[in-house]
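Trainee: Numbering (our numbering), first residue to last: 136 to 209.
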Amino acid sequence: MTADGSTALAAASIRITRGNPTAEEVAAVAVLLTARLRLAAEAQAAAGQEESAVVFRLPRRRPPVFAPPGAWAS
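1. Assign alanine 170 to buried or exposed, taking buried as 16 or more other Cβ atoms, counted over all protein chains shown, within 10 Å of its Cβ.
2. Can you tell me whether alanine 163 is buried or exposed, with buried defined as 16 or more other CB within 10 angstroms of its CB?
3. Secondary structure at valine 190, three-state DSSP: helix, strand or coil?
4. For a test of the three-state rule: what should DSSP assign to valine 161, helix, strand or coil?
5. Between proline 199 and the rest of its own chain, which residues show a CB-CB distance below 6 angstroms, the 5 nearest in sequence each way excluded?
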């Protein structure tokens, strides 16, 4: 976005918060918010794919040796 576009967008957002915005100002802010939400969703999806690719496995444990009850007394 150019500097003029940024300035116009900032002015539009200020005017919207004060009330009495024009349709163009509302549309400009809506387009900006939609673009930012899409970028955030794409970044979150990319981060989720990277995290799901990592698999942590526990080390194998040997099965316990069975000792029948009362074996210690025999």
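Here a beta-carbon is modelled for each residue, glycine too, at the ideal position from N, C-alpha and C. Source: prediction; values computed, not measured.
Mentor: Based on what the coordinates show:
1. Exposed, by the Cβ-count rule.
2. Around the beta carbon of alanine 163, 16 or more other beta carbons sit within 10 angstroms, so the residue counts as buried.
3. The DSSP-derived three-state label of valine 190 is coil.
4. Helix, per DSSP.
5. Nothing meets the Cβ criterion.
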